[in-house]
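Visitor: Structure below; questions to follow.
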Amino acid sequence: MSAQAADSPQPPLANSFDTCKAQLQQEAIQSGVSRETASQVMAQVEYLDRVIELDRRQPEFTTTFADYLNRRVNDDRVSKGRALLLEHSELLERVTRETGVPAPYLVAFWGLETNFGSYFGKMSVPSSLTTLACDPRRSTFFTRQLVAALRIIDEGAIPVEQMEGSWAGAMGHVQFMPTVFLEHAVDADGDGRRDLWNSIPDAMMSAGKFLQSMGWDPDYRWGREVILPDKFDYSLADGRRLPLSEWRGKGITDAFGKPLANAPIKAALVVPSGHEGPAFLAYKNFRVIMGWNRSEFYAISVGHLADRVAGAGKLQNPPPEDLPALSRDSIMAMQESLNARGFDSGKPDGIMGPGTRSAIRRFQASNGMVADGYPGDTVLQELGVSTER
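So for the sequence shown, the working numbering puts the first residue at 1202; every next one is plus one.
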């Protein structure tokens, strides 16, 4: 048996999956879902091997910031976003009035989530969520999502046959999980249904309401590209939030070399490609974007796409495209090497977390390198870690 075959998920015995479905059906009814909806939907649910495969799969290689950004913020998507900004200007202005979220950001989320509604996902949401709820790894979370999905069907938002989405159950134009749908989706077009699949007004207003609920501040943007001075102390890029006046005092300028505002607005410094790539000062709304998706790459991409849709140009300092994409094994080898040299990165897990970046910074500083916490070629060579490009 090949390693790939050995790692592939094994479907549960038919009777155990049927037993799980019956238990979930009863739990849904006890949670307020009508008996008719629960029985009708669960009778159609099927076990999806592919969902478990995707849930188990860890990407072999990490994605570089350049690859991530360039795939998501490109000329075609910017052009389409600008066209949709004009086409839906009246709707988007209404959403902005009611939620405080500017139209370019709404378009940017739309673009990143489903390429402006061109692809919602093709998997049955009830089947995906039932498959995941019957799997022990994250059963509690996906049981909640399944019950929420049944409630959405119960309220008449979407027929079960049309409830399709991602393998993990994200749905519609803006890829809401069912619990987020229940709490934040709204009927903006007045047809009596909260329909995030077929109604752009419902989808855009729902996105705005969700961002508003997480604390979107209409007075500020997401962040901005900046230029760092020579010999900058990259240990400051550790998530701390300082007033713009302090960043200005440390020699940081805007992307065009002009002084930052001498203001008390707090921002955190983000350097996703290390000292060779762009730097950003991220404001409060950056953290709101990360409430939607916990990836810094995602949050920067949303902000930059919003800026581009609003008419801004490309980054002044684009990320280098020749940086290595590390495999999880390479990251683990790097962590082990750091630990062996006395730079504690925590238990090796193949994940580039804050502990690993801190260890890299300390290693770099002790070896006369720019201590940006980024595992570039020099760091990897010194640690004896091989990579593939």
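Each residue gets a CB set at the ideal place from its N, CA and C atoms; glycine is no exception.
(1) Apart from the five residues just before and just after W1423, which ones in its own chain have a Cβ nearer than 6 Å to its Cβ?
(2) If distances are taken between C-alpha atoms only, which option among N1399, S1367, D1390 and I1354 comes closest to L1383?
(3) If you compare alpha carbons, which of S1587, Y1421 and L1527 is closest to D1268?
(4) Under 8 Å between the Cβ atoms of G1357 and R1298?
(5) Tell me which residue opens and which closes the alpha helix (DSSP H) that L1287 is part of.
(6) Whole angstroms are fine: how far does the CA of Q1346 sit from the CA of Q1245?
(7) Which term fits D1434, buried or exposed, when burial requires 16 or more other beta carbons within 10 angstroms of its beta carbon?
(8) Decide if S1280 is buried, meaning its Cβ has at least 16 other Cβ atoms within 10 Å, or exposed.
(9) Determine the extent of the alpha helix (DSSP H) in which A1468 is found, giving its start and end residues.
(10) Just verifying my parser: in three-state terms, what is the DSSP assignment at M1324?
(11) Residues in the same chain with beta-carbon distance under 6 Å from P1444, minus the five sequence neighbours each way, listed in chain order, please.
(12) Figure out for me which residue from S1559, R1509 and E1522 has the closest Cα to the Cα of D1578.
(13) The alpha helix (DSSP H) that contains I1428, what's its start and end?
(14) Report the rounded CA-to-CA distance for E1294 versus S1407, giving the unit in angstroms.
(15) Could you have a look at A1270 and say whether DSSP puts it in helix, strand or coil?
(16) Near L1307, which residues of its chain fall below 7 Å by C-beta distance, leaving aside the five closest residues on each side in sequence?
(17) So, helix, strand or coil for R1495, using DSSP?
(18) So the candidates are P1305, R1442 and T1265; which of them puts its Cα closest to the Cα of A1513?
(19) Residues in its own chain within less than 8 Å of D1530 by CB, not counting five upstream and five downstream?
(20) Please confirm whether Q1582 and T1557 have their CB atoms less than 8 Å apart.
Guide: According to the structure shown:
(1) As a position in the sequence shown, residue 1423 is number 222, starting the count at 1. Excluding residues within five positions, the ones whose Cβ falls inside 6 Å are N1486, F1487 and G1504.
(2) Numbered from its first residue, the sequence shown carries residue 1383 at position 182. For L1383, the nearest C-alpha among the options comes from I1354.
(3) Residue 1268 sits at position 67 when you count from the first residue of the sequence shown. Of S1587, Y1421 and L1527, the residue nearest in Cα terms is L1527.
(4) Counting from one through the sequence shown, the residue named residue 1357 turns up at place 156. Counting from one through the sequence shown, the residue named residue 1298 turns up at place 97. Not closer than 8 Å, so no.
(5) Counted from its first residue, the sequence shown places residue 1287 at position 86. Segment D1276 to E1288, the alpha helix (DSSP H) holding L1287.
(6) Translated into positions along the sequence shown, residue 1245 becomes position 44. Translated into positions along the sequence shown, residue 1346 becomes position 145. Their Cα atoms are separated by approximately 17 Å.
(7) Translated into the one-based positions of the sequence shown, residue 1434 becomes position 233. Under this definition D1434 is an exposed residue.
(8) Sequence index remark: in the sequence shown, residue 1280 carries index 79 (1-based). Classification of S1280: exposed, given that the 10 Å Cβ count is below 16.
(9) Along the sequence shown, one-based indexing puts residue 1468 at 267. Where A1468 is concerned, there is no enclosing alpha helix (DSSP H), although the beta strand (DSSP E) it sits in stretches over K1467 to V1471.
(10) In the sequence shown, residue 1324 corresponds to position 123, counting from 1. In this structure, M1324 counts as strand in the three-state DSSP scheme.
(11) As a working mapping, residue 1444 is identified with position 243 in the sequence shown. Excluding residues within five positions, the ones whose Cβ falls inside 6 Å are P1465 and K1467.
(12) What you label residue 1578 is simply residue 377 of the sequence shown in a count that begins at 1. Checking every option, the nearest Cα to that of D1578 belongs to E1522.
(13) Counting from 1 along the sequence shown, the entry for residue 1428 is found at position 227. Counting along the chain, I1428 falls outside any alpha helix (DSSP H), though it belongs to the beta strand (DSSP E) covering G1424 to I1428.
(14) Position 93 of the sequence shown, counted from the start, is the residue given in the question as residue 1294. Position 206 of the sequence shown, counted from the start, is the residue given in the question as residue 1407. Computed Cα separation, rounded: 14 Å.
(15) On the sequence shown, residue 1270 is found 69 positions in, with the first residue counted as 1. Contrary to the premise, residue 1270 reads as Leu rather than Ala in this sequence. DSSP places L1270 in helix when its eight states are reduced to three.
(16) For the purposes of this step, residue 1307 is taken as residue 106 along the sequence shown, with counting starting at 1. L1293, V1296, M1405, A1408 and G1409.
(17) Looking up residue 1495 in the sequence shown gives position 294. In the structure shown, R1495 sits in coil (DSSP, three-state: anything other than H, G, I, E or B).
(18) Indexing the sequence shown from 1 puts residue 1513 at position 312. Of the listed residues, the one whose Cα sits closest to A1513 is P1305.
(19) Your numbering for residue 1530 matches position 329 in the sequence shown. Same-chain partners within the cutoff: G1551.
(20) Along the sequence shown, one-based indexing puts residue 1582 at 381. Along the sequence shown, one-based indexing puts residue 1557 at 356. It is not a contact, given that the beta carbons lie outside the stated cut-off.
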